[in-house]
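Below is one structure; the comments refer to it alone.
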Amino acid sequence: MLNFEFKNPTKIIFGKGEIAKLSREIPKDANILMVYGGGSIKKNGVYEQVIAALEGFQLTEFGGVPANPEYEVLLEALKVIKEKNITYILAVGGGSVIDGVKFLSAAANYEGEAWDILSKRIVTKEGQGMPFASVLTLPATASEMNSGAVISRRATKEKLGMGGPGLFPQFSILDPEVVRSIPKNQIANGITDAYTHVLEQYMTYPIGAALQDRFAESILKTLQEIAPKMMADGFDYEAASEFMWSCTMALNGLIGKGVPQDWAVHSMGHELTAQYGIDHARTLAIVAPQHYRYYFEKKKEKLAQYAERVWNITEGSIDEKAQKAIEAMEDFFHSLEIKTKLSEYTDAYEGTAEKIQAAFESRGWLLGENRMVSPADAKKIVEMAY
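Reminder that position 96 of the sequence shown reads as 1402 in the numbering used here, one-by-one numbering, no gaps.
If you want it as structure tokens, here you go:
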């Protein structure tokens, strides 16, 4: 196992009816900006619960953060923060809203061009960001319990990451009841997103981290087991609870400590979203299988382990089990009605790989657990995903 440091300061408040506890967690003298997305919280009862819990607090609202949080929209929220002398931000939404609030937290006290935080990868240290919290409405990204975010800039077709130890939510409220109103295509996205988050931290090479591997495998198996219940008609509270907590555990920092991590799949996936607006989770399902095929020799030991422990594929050589593992992964995505080829999302895919290569070259990016994914490699992987 590799050396590591681990600190996650986010307090989790989990369970039915827990939104009512907002008032005891936020300072009474806070001047709050409540940030949310397209308005679904006003249809599913979450908005009313938050407003009731914050009765008596000084509160300003900012809605309209899109599914891929856009820099231009967030700048409007930043103006509100400055004009209203906001001191505390509350994200009420899914990962996109929470990511947007992390950007606002970092930008609120930043002197200079706000885009620098993303383009120059400026780390927000403890105490630098404006305090914030979240009420999670869409499980997927674990942004409610980590310090990373991804922001899009429509004008330049870029989607870049940011983060730092100063960008953990102070607390997050996770009420599985919110899952009741989520459309099935978004449930599928959430499962796929969380599943791929685990793979990015697991599908590398053996490092002698048995406990971390089994943590990761348990999340993968849980997501596979609850997926049919989540995609079925009706609402299953216990399955929703497992879904929500699995998504959080997939990327709250725990399973990635002491092990090599990849994240090349995400970098390529972000480019597909930036170019075509394809849902983030679906870009991951497009890239991941081909990435593992391209680096089969480097990853086959972990692929075979995944085959045995997660899919119960025990017969055959390491190579055979590893190949079957990739096929099983694709079949799982397909069971969620997630397509795994770029050409199934757009007819204008020709030239995509070249654009991604050029973007990575301009940034000087080398990706993967050993910085083995060059821009030219990324081009070939994306071409395989056509």
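Every residue gets a Cβ at the ideal spot worked out from N, C-alpha and C, and that includes glycine. This structure is a prediction, so every number in the text was calculated from the model and none was measured.
Nearest-angstrom beta carbon gap, residue j and residue i [assumed within contact, 8 Å]
i       : j       : result
Ile1513 : Val1571 : Not quite, the Cβ-Cβ distance comes to about 19 Å (not below 8 Å), so this is no contact.
Thr1443 : Ile1332 : Between Ile1332 and Thr1443 the Cβ distance is about 18 Å, and since that is not below 8 Å, they are no contact.
Leu1384 : Val1356 : Not confirmed; about 22 Å, so no contact.
Ile1423 : Met1574 : With a Cβ gap of about 23 Å, Ile1423 and Met1574 do not count as contacting.
Ala1556 : His1597 : Contact flag wrong, Cβ pair sits at about 18 Å.
Thr1393 : Ala1455 : No, Thr1393 and Ala1455 are not in contact; Cβ-Cβ is about 20 Å, not under 8 Å.
Gln1534 : Gln1476 : Checking the displayed sequence, the identity of residue 1534 turns out to be Pro instead of Gln. 36 Å between Cβ atoms; not a contact.
Ile1592 : Ala1691 : 5 Å
Tyr1612 : Met1509 : 7 Å
Ala1731 : Asn1558 : Only positions 1307 to 1692 of the chain appear in this structure, which leaves residue 1731 out of reach.
Lys1647 : Gln1663 : That belief does not hold up - the Cβ atoms of Lys1647 and Gln1663 are roughly 19 Å apart, past 8 Å.
Ala1580 : Ser1458 : 6 Å
Pick from the options that is closest to residue i, judged by C-alpha positions
i       : options                               : result
Ile1624 : Lys1605, Tyr1651 and Leu1339          : Lys1605
Gln1492 : Met1537, Lys1465, Gly1454 and Ser1453 : Met1537
Ala1461 : Glu1376, Leu1308, Asn1350 and Thr1620 : Glu1376
Lys1412 : Met1690, Arg1427 and Asn1309          : The sequence as given places Ala at residue 1412; Lys does not occur at that position. Nearest C-alpha to Ala1412: Arg1427.
Gly1400 : Lys1661, Val1484, Lys1463 and Met1635 : Val1484
Phe1639 : Glu1450, Ala1494 and Ala1446          : Ala1494
Phe1310 : Phe1320, Thr1393, Glu1643 and Gln1518 : Gln1518
Ala1446 : Leu1480, Val1429 and Glu1650          : Leu1480
Ile1387 : Ala1373, Pro1471, Ser1547 and Val1407 : Val1407
Pro1315 : Ala1397, Met1451, Val1403 and Asn1415 : Met1451
Ile1632 : Glu1544, Gly1469 and Pro1595          : Pro1595
Leu1505 : Gln1364, Asp1568, Ala1691 and Ser1547 : Asp1568
Tyr1543 : Ile1318, Leu1308, Met1307 and Lys1322 : Lys1322
Asp1653 : Tyr1582, Gly1418 and Arg1330          : Tyr1582
Gly1370 : Val1403, Ser1478, Ser1458 and Ser1425 : Val1403
Tyr1601 : Ile1318, Glu1464, Val1679 and Gly1418 : Val1679
Lys1334 : Ser1478, Glu1378, Gln1364 and Gly1670 : Gln1364
Arg1381 : Trp1421, Ile1395 and Lys1390          : The identity of residue 1381 in the sequence shown is Leu, whereas the question assumes Arg. Per the Cα distances, Trp1421.
Gly1345 : Glu1324, Phe1368 and Asn1374          : Phe1368
DSSP state of residue i mapped onto helix, strand, coil
i       : result
Met1340 : strand
Val1593 : helix
Val1565 : coil
Ile1318 : strand
Leu1609 : helix
Leu1578 : helix
Leu1672 : coil
Phe1310 : coil
Glu1614 : helix
Lys1627 : helix
Ala1691 : coil
Gly1401 : helix
Lys1334 : coil
Ile1325 : helix
Glu1603 : helix
Tyr1598 : helix
Within 8 Å, do at least three Cβ pairs link the region 1495-1515 to the region 1583-1595?
yes
message: So within the region 1456-1509, which uninterrupted beta strand (DSSP E) runs reach at least 3 residues, ignoring any that extend past its ends?
response: 1464-1469 and 1477-1480
Checklist entry - Which runs of the beta strand (DSSP E) spanning at least 3 residues fall entirely within the region 1342-1399, listed in chain order? => result With a minimum length of 3 residues, the continuous beta strand (DSSP E) runs that stay inside the region 1342-1399 are 1364-1368.
Touching by the beta-carbon criterion (3+ pairs, under 8 Å), the region 1336-1343 and the region 1356-1365: yes
In chain order, which alpha helix (DSSP H) runs of at least 4 residues are fully inside the region 1405-1463? 1422-1425
**Prompt:** Three or more C-beta pairs closer than 8 Å, one from the region 1547-1567 and one from the region 1518-1525: is that the case here?
**Reply:** Yes, they touch.
Could you check whether the region 1664-1676 touches the region 1615-1623, counting it as contact only if at least three pairs of C-beta atoms, one from each stretch, sit closer than 8 Å?
no
Point to revise | Inter-stretch contact (C-beta, 8 Å, three-pair minimum) for the region 1525-1533 and the region 1543-1558 | key: yes
Discussion item. Which runs of the alpha helix (DSSP H) at least 4 residues long sit entirely within the region 1513-1562? Give them in chain order.
Written reply: 1516-1537 and 1543-1556
If you scan the region 1631-1687 from start to end, which runs of the alpha helix (DSSP H) of 4 or more residues do you find wholly inside it?
1658-1669
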